[in-house]
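Participant: Numbering (the numbering used here), first residue to last: 460 to 652. By construction, the Cβ of each residue, glycine as well, lies at the ideal position given by its N, Cα and C atoms. Have a look at the structure that comes next, please.
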Amino acid sequence: MRIHGEYIINRSLDVPLKPNYKDYLNELRNDFHYICGYCGKSEMVTTKGFEIDHFVPQKVNIGMKNSYSNLVYSCFTCNRKKSSKWPTNDSNLHNNSNEGFVDPASNEYDNHLSRDKDGNIKHHTNVGKYMCEIAFKFDMRPILEIWKIMELINNKKRLAQMRYLLTRDELIHYIELDEDICKLQKIFFEKCE
C-alpha cells in the first residue's frame, strides 16, 4: 500500500513565481491533497497544523527558498523531524544511495517507502530506512494509529452519504459510531501529533 493511499502527489507546473514561499500555501495544499507529503497524515486528524517544508533545506541552497518545485506540504511533526537534515550537502544530490531523501512528489518515493496492510510505514531501501528510522522516525511515532483513525473518518464520511438508506436502528448505531469517532479523534490528536 502507498504512503499517500489513493492520492497521487504532483506539483502543478503552471504556478506563477511568488516573492515569498509562504504565498504558495494554497497551491501546495491542493497539489498535496491536504496530506503530509512525507507521512501521508491528513489535515483532518491533527491539531498541530501543517507547514511548508523546503525539500532541499535553505542552508544547503538559499537560491531554492522560493522555488515551488522545492516545497513540500508537511505536517508539523515531519517538518520538525526533517529540519535541515541533508546528508549529501549538495542540493543536486538528494541521497547517496544510503542516506538522504526522496521527493514525495516523485514517482520514486513509492520505491523507498510504503505501508504494510495495517498502515505502518515500512522501508524497502537504505534511503527508505534512513527516512523511516533516522530522519522522520516513523518507527517511533503513532503512524499506525493515525492511519487507522484516518480510515475510520473516511469510512464515516462514506457512511454519512448513505445514512438516508439506513433503518432506524442502523441510524442510531451510525450516530453512536459518529460520536465515538469524534471523541477518539479529539482525545488522540490533542495529546499526540
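The beta strand (DSSP E) with Cys-537 in it runs from where to where?
Facilitator: Careful: Cys-537 lies outside any beta strand (DSSP E), inside the alpha helix (DSSP H) at 535-541.
Participant: Sort Lys-544, Glu-510, Thr-505, Met-503 by Cα distance to Gln-706 and report the nearest one.
Facilitator: The structure shown does not extend to residue 706, since the chain is modelled only from 460 to 652, so the question has no answer here.
Participant: At a Cβ threshold of 9 angstroms, is Ile-612 touching chain D?
Facilitator: No chain D appears in this structure, which consists of one protein chain only.
Participant: Verify the contact flag: Asn-555, CB atom, against every heavy atom of the ligand COA, threshold strictly below 8 angstroms.
Facilitator: Although the ligand COA was asked about, the structure shown includes no ligands whatsoever.
Participant: Would you mind stating whether His-553 and Leu-530 have Cβ atoms separated by less than 9 angstroms?
Facilitator: Contact flag unset, no.
Participant: Which word fits Ile-494, buried or exposed, when buried means at least 16 other C-beta atoms lie within 10 angstroms of its C-beta?
Facilitator: Burial call: buried.
Participant: How close, in whole Å, do the beta carbons of Arg-461 and Tyr-532 come, if the pair is a contact with beta carbons under 8 angstroms?
Facilitator: So it is not a contact: roughly 16 angstroms between Cβ atoms.
Participant: Taking contact to mean at least 3 C-beta pairs separated by less than 8 angstroms, is the region 569-576 in contact with the region 619-630?
Facilitator: Contact fails: fewer than three Cβ-Cβ distances are below 8 angstroms.
Participant: Would you mind sorting Cys-534 into buried or exposed? The rule is 16 or more other CB atoms within 10 Å of its CB.
Facilitator: By the 10 Å Cβ count, Cys-534 comes out buried.
Participant: Measuring alpha carbon to alpha carbon, tell me which of Asn-551, Asn-585, Met-503, Asn-579 ends up nearest Gly-522.
Facilitator: Selected option, being the one with the closest Cα: Asn-551.
Participant: At 4 residues or longer, and completely inside the region 542-603: list those alpha helix (DSSP H) runs for me, N to C.
Facilitator: Those alpha helix (DSSP H) runs which fall completely within the region 542-603 and span 4+ residues are 568-571, 585-588.
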